[in-house]
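Some notes on the structure that comes next.
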Amino acid sequence: MNAAIGQLIGVGVGPGDPELMTLKAVRALGAADVIAHFAKAGNNSHARGIACAHFRPDAEELPLLYPVTTEIHRHDAAYRLAIGAFYDESAARVAEHLMAGRTVAVLSEGDPLFYGSYMHLHVRLAHRFPTTVIPGVTGMSGCWSQAGAPIAQGDDVLMVLPGTLSEEDLTRRLAQADAAVIMKVGRNLPKIRRALAAAGRLPRALYAERGTMSDGFVMPLADRPDDKAPYFAIVLVPGWEGTA
């Protein structure tokens with residue numbers, strides 16, 4: 009292999025609390041020549057905010073700004089075209105640095121290979137360049153730890169569901185699971201609440217917003233008076249029913 013080719017590192021920075029970053033992630037950021045981070049155009053990168061204290065002083069930053077987020081429905085052909093072109097372009101920008109022999113760390117909130125944008129670069133680049141993935145504490149484990157809610161034990165089946173599923177699919181899967189985590193809440197919260205109620209799981213559901221962050225909180229979803237939720241929100245349905 010060409011000795012001049014750099015290394016790609018997917019770095020999981022955890023769910024929000026900077027102290028939940030791993031030692032390996034901190035070391036990687038302190039050594040990286042280039043640090044790439046995703047954000048919505050006009051917004052700051054949350055992953056950067058978590059990890060920036062550990063950047064090498066002379067590291068070059070490479071912001072990767074989404075052209076669309078929720079403005080177009082994800083099943084719309086225009087969305088798929090725009091987001092696919094964005095990941096192609098982002099991979100090409102990262103590849104330029106790798107071909108120049110630089111180490112590029114790509115930040116990922118939570119874990120890089122769990123609902124993370126990094127994976128779109130990984131599938132485009134990992135077969136071409138030396139690649140390392142550093143796992144991170146997931147948002148869901150950060151939230152159930154903050155809530156102090158044992159999520160699953162014994163033979164419990166845990167389902168992780170995106171809130172973007174149809175209400176019918178959410179209801180069916182929630183009725184089947186012993187424990188569940190619902191990601192991608194945001195504007196889907198009203199639908200999620202209805203599905204939980206239909207599946208008989210609303211009384212056990214917990215709403216976690218900005219889990220592990222300084223302004224984060226957890227409360228029973230049934231007690232939440234409205235259906236407004238930010239991107240950084242998760243719904244937990246703990247298992248452990250009838251056992252101790």
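Count along the sequence shown from 1, add 8, and you get the number used in my numbering. A virtual CB, placed ideally from N, CA and C, is assigned to each residue, including glycine.
Asked	Found
Buried/exposed call for Gly171, threshold 16 Cβ in 10 Å	buried
Length of the line joining the Cα atoms of Gln161 and Met107	47 angstroms
Assigned secondary structure, Ala230 (DSSP; H/G/I helix, E/B strand, else coil)	helix
Beta-carbon proximity check, Leu210 vs Arg201, cutoff 8 angstroms	yes
Check whether Cys151 and Ile242 have beta carbons under 8 angstroms apart	yes
Ile91 in three-state terms, based on DSSP	helix
Residues of its chain near Phe137, where Cβ-Cβ distance is below 8 angstroms and the 5 sequence neighbours each way are ignored	Ile13, Gly14, Gln15, Leu16, Ala103, Leu106
Meets three-Cβ-pair contact criterion under 8 angstroms: the segment 66-74 and the segment 38-51	yes
Alpha carbon of Arg56 to alpha carbon of Asp177, nearest angstrom	35 angstroms
Three-way DSSP call (helix, strand, coil) for Met191 in this model	strand
Cα-Cα separation, Ala47 to Val193	18 angstroms
Distance between beta carbons of Val189 and Gly22, contact taken as under 8 angstroms	The pair is not a contact, with the Cβ atoms about 16 angstroms apart (cut-off 8 angstroms).
Own chain partners of Glu79 with C-beta closer than 7 angstroms, once the 5 adjacent residues on each side are dropped	With a pLDDT of 46 at Glu79, under the threshold of 50, the modelled position of that residue is not reliable, and the figure given next carries that caveat. Here the set comprises nothing.
Residues near Gly20 in its chain [Cβ-Cβ closer than 7 angstroms; skip 5 each side]	Ala33, Ser116, Gly118, Asp119, Pro120, Ile142, Pro143, Gly144
Own chain partners of Ser125 with C-beta closer than 6 angstroms, once the 5 adjacent residues on each side are dropped	Phe46
Val245 beta carbon less than 8 angstroms from that of Arg195	no
Val131, buried or exposed, once every other Cβ within 10 Å from all chains shown has been counted against 16	exposed
Assigned secondary structure, Gly162 (DSSP; H/G/I helix, E/B strand, else coil)	coil
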